[in-house]
Amino acid sequence: MDRPLAAAPTERVTVPPVVRALAGDDDVAPVWRNQLGGLTFRLTGAAGTRYVKHVAAGTPELDLDAEAERLAWASSHTAVPRVLGRGHDEGGSWLVTAALPGRSAVDPVWLARPETAARAIGAGLRALHDSLPVDECPFSWSAEERTARLDDAVRDQVGPVPAVDRLVVCHGDACAPNTLVADDGAPAGHVDLGTLGVGDRWADLAVASMSLGWNYPGDVEATFFAAYGVAPDPGRIAFYRNLWILG
Ligand SMILES: Nc1ncnc2c1ncn2[C@@H]1O[C@H](COP(=O)(O)OP(=O)(O)OP(=O)(O)O)[C@@H](O)[C@H]1O
Ligand SMILES: [Mg+2]
Numbered sequence: 009m010d011r012p013l014a015a016a017p018t019e020r021v022t023v024p025p026v027v028r029a030l031a032g033d034d035d036v037a038p039v040w041r042n043q044l045g046g047l048t049f050r051l052t053g054a055a056g057t058r059y060v061k062h063v064a065a066g067t068p069e070l071d072l073d074a075e076a077e078r079l080a081w082a083s084s085h086t087a088v089p090r091v092l093g094r095g096h097d098e099g100g101s102w103l104v105t106a107a108l109p110g111r112s113a114v115d116p117v118w119l120a121r122p123e124t125a126a127r128a129i130g131a132g133l134r135a136l137h138d139s140l141p142v143d144e145c146p147f148s149w150s151a152e153e154r155t156a157r158l159d160d161a162v163r164d165q166v167g168p169v170p171a172v173d174r175l176v177v178c179h180g181d182a183c184a185p186n187t188l189v190a191d192d193g194a195p196a197g198h199v200d201l202g203t204l205g206v207g208d209r210w211a212d213l214a215v216a217s218m219s220l221g222w223n224y225p226g227d228v229e230a231t232f233f234a235a236y237g238v239a240p241d242p243g244r245i246a247f248y249r250n251l252w253i254l255g
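Heads up: the sequence shown is residues 9 to 255, going by the working numbering.
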């Protein structure tokens with residue numbers, strides 16, 4: 009589950025030296041800690057706003073090179089952050105991006121308006137799927153490749169891969185916090201594209217709809233599916249949620 013840091017974090021966040029150095033005279037604010045301990049900082053200064061995602065050395069699973077490559081590919085088709093820099097040192101690795109407008113769909117402003125947030129996440133995911141060209145995408149996120157990486161016992165638990173409904177370029181982590189929402193409630197863009205790739209659209213739909221319950225009060229799934237423009241498909245939803253949780 010994604011966990012936002014409050015504007016004034018209750019826990020102490022140590023700013024890695026490289027983030028301090030990248031900031032120069034800019035203000036540095038921690039905005040996010042992911043489940044693996046990776047931290048995202050917002051750098052604000054006269055030249056604009058940047059974000060730095062920093063992953064401490066030795067943290068597995070978070071491949072910032074993969075994310076930078078996918079952002080570069082997707083940015084000519086849809087609203088995703090422009091990559092400004094990338095590097096690593098003995099303390100870890102980092103990715104610097106230019107700020108997109110809007111606030112995360114789990115910003116307190118949108119947590120207070122769950123229906124608007126769910127609508128933006130659904131419409132935003134539809135726009136992403138409609139705008140990224142499957143034929144030109146060099147990345148895969150297919151269920152076959154994902155299940156092939158599982159241990160036999162886990163693969164049995166996940167069950168057989170359902171037939172593809174519609175092949176799209178999936179976001180790869182369509183959880184609520186990764187949609188940015190403009191002040192008028194319209195989707196403004198997407199972040200966190202480290203696993204973007206071609207797959208069935210239900211791979212994203214299942215995870216995005218599941219994450220609504222983690223982040224918002226009440227049940228806003230129907231609003232999400234209506235905004236995307238599809239009726240829920242219980243079989244594919246169950247398969248792709250299981251694959252997400254067990255994968
Ligand atoms: N370029 C950007 N423009 C605007 N906001 C950004 C940008 N980059 C990151 N953010 C904000 O920082 C948050 C964390 O970034 P991101 O989702 O890439 O980190 P993560 O650690 O991979 O997240 P997760 O917990 O989902 O794995 C985002 O939800 C978004 O609010
Ligand atoms: Mg994220």
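Where a beta carbon is used, it is the ideal one built from N, C-alpha and C, also for glycine.
Segment limits, alpha helix (DSSP H) that includes residue i
i           : result
residue 134 : 122-139
residue 101 : That residue, residue 101, is in no alpha helix (DSSP H); its beta strand (DSSP E) goes 100-106.
residue 30  : 25-31
residue 164 : 160-166
residue 243 : 242-254
residue 119 : 116-119
Cβ-heavy atom distance, residue i to ligand 1, below 8 Å
i           : result
residue 183 : yes
residue 186 : yes
residue 139 : no
residue 106 : yes
residue 117 : no
residue 89  : yes
Residue i: first and last residue of the uninterrupted beta strand (DSSP E) it sits in
i           : result
residue 175 : 175-178
residue 40  : 35-41
residue 187 : 187-189
residue 93  : 91-97
Beta-bridge partners of residue i, as assigned by DSSP
i           : result
residue 49  : 38 and 60
residue 111 : 189
residue 198 : 187
Coil, strand or helix - residue i by DSSP
i           : result
residue 74  : helix
residue 148 : strand
residue 206 : strand
residue 219 : helix
residue 142 : helix
Distance cut-off 8 Å: residue i Cβ against heavy atoms of ligand 3
i           : result
residue 157 : Ligand 3 is absent from the structure shown, which contains only ligand 1 and ligand 2.
Residue i CB to nearest heavy atom of ligand 2 below 8 Å
i           : result
residue 252 : no
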